[in-house]
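Peer 1: Using the numbering used here, you'd call the opening residue of the sequence shown number 1294 and step up by one each time.
Where a beta carbon is used, it is the ideal one built from N, C-alpha and C, also for glycine.
Small disclaimer: the values here were computed from a predicted structure and weren't measured.
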Amino acid sequence: MLTLGGDHSISLPLLRAHAAVHGPLALLQFDAHTDTWADDDPTRIDHGTMFYKAVKEGLIDTARSVQVGIRTTNPDTLGITVIDAPWVHDHGPRATVARIREVLGDAPVYLSFDIDALDPAFAPGTGTPVWGGLSSAQAAAMLRGLAGTRVVGADVVEVSPPFDPTGATAIAGAHVAVELMCLYCAARRNKGEA
1294 MLTLGGDHSI SLPLLRAHAA VHGPLALLQF DAHTDTWADD DPTRIDHGTM
1344 FYKAVKEGLI DTARSVQVGI RTTNPDTLGI TVIDAPWVHD HGPRATVARI
1394 REVLGDAPVY LSFDIDALDP AFAPGTGTPV WGGLSSAQAA AMLRGLAGTR
1444 VVGADVVEVS PPFDPTGATA IAGAHVAVEL MCLYCAARRN KGEA
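1. Tell me which residue opens and which closes the beta strand (DSSP E) that G1252 is part of.
2. What whole-angstrom Cβ distance do A1479 and V1449 have, given they're in contact under 8 Å?
3. Would you report the Cα separation of G1420 and A1391, rounded to the nearest angstrom?
4. Roughly how many angstroms lie between the CA atoms of A1378 and A1313, to the nearest whole one?
5. Could you please give the first and the last residue of the uninterrupted alpha helix (DSSP H) stretch that includes V1381?
6. Looking at L1321: is its Cβ nearer than 9 Å to the Cβ of L1439?
7. Check the DSSP bridge columns for V1359 and list the partner residues they point to.
8. My guess is that L1305 and I1338 are in contact by the Cβ rule of under 8 Å, so how many angstroms apart are they, rounded?
9. Hey, how far is the Cα of R1357 from the Cα of Y1403?
10. Any idea what DSSP makes of A1487, helix, strand or coil?
11. Whose C-alpha, out of A1463, R1437, A1400 and D1409, is nearest the C-alpha of R1443?
12. Should D1383 be labelled buried (16 or more other beta-carbon atoms within 10 Å of its own) or exposed?
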């Protein structure tokens, strides 16, 4: 399933549904924030805690998970590999994809793309923009470079058109969604399900 959403907290019920079918998933998250803030209140789910809760529920295989484009600090990675935006800028999309593939292996992957992974110059229409992010060209190269990974589900979240009267953020989100559909279809074709 590819889900187009608002608040990133929608990833938690989506992960629950996909993990019910595929077992614990590798998470591939493109984002400015890790969204793994600890919270001991089991009733609280928001766009900063949902992956913490997913890890605690056993939905995510942290040893096979990667967060890309991170630009904020959360000292507890929960065992998830973090490839921050400066690393991507220094090493480029090709090296980033190689590192992502190394961590994911052949695990079933849930790919979550928060539009704030992109720098606000490319996607200003989001609730928590952080400068120094990925360019549209970097994101496109990385998503295309991931062809063949076992993507079983994905989302594009945090696109807020009212915050961007130019429409650039919605256009970027639509392009990301198309790339995610291509990844999913390629994974099914490689598995012989197409």
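Peer 2: Reading it off the structure:
1. Beyond the ends of the chain as shown, which are 1294 and 1487, falls residue 1252; an answer cannot be given.
2. Going by Cβ atoms, the distance from A1479 to V1449 rounds to 17 Å, so no, they are not a contact pair.
3. So the two alpha carbons sit approximately 30 Å from each other.
4. Each residue's Cα considered, the two are about 32 Å apart.
5. Going by DSSP, V1381 is part of the alpha helix (DSSP H) stretching over A1378 to L1397.
6. Cβ distance < 9 Å, so L1321 and L1439 count as in contact.
7. According to DSSP, V1359 bridges with L1321 and T1374.
8. Correct: roughly 6 Å between the Cβ atoms.
9. R1357 and Y1403 have their C-alpha atoms some 11 Å from each other.
10. Low per-residue confidence applies at A1487: pLDDT is 49, beneath 50, and the placement is therefore not dependable enough to give any value.
11. Taking only the C-alpha atoms, the option nearest R1443 is A1400.
12. Around the beta carbon of D1383, a 10 Å sphere encloses fewer than 16 other beta carbons of the protein chains shown; the residue is thus reported as exposed.
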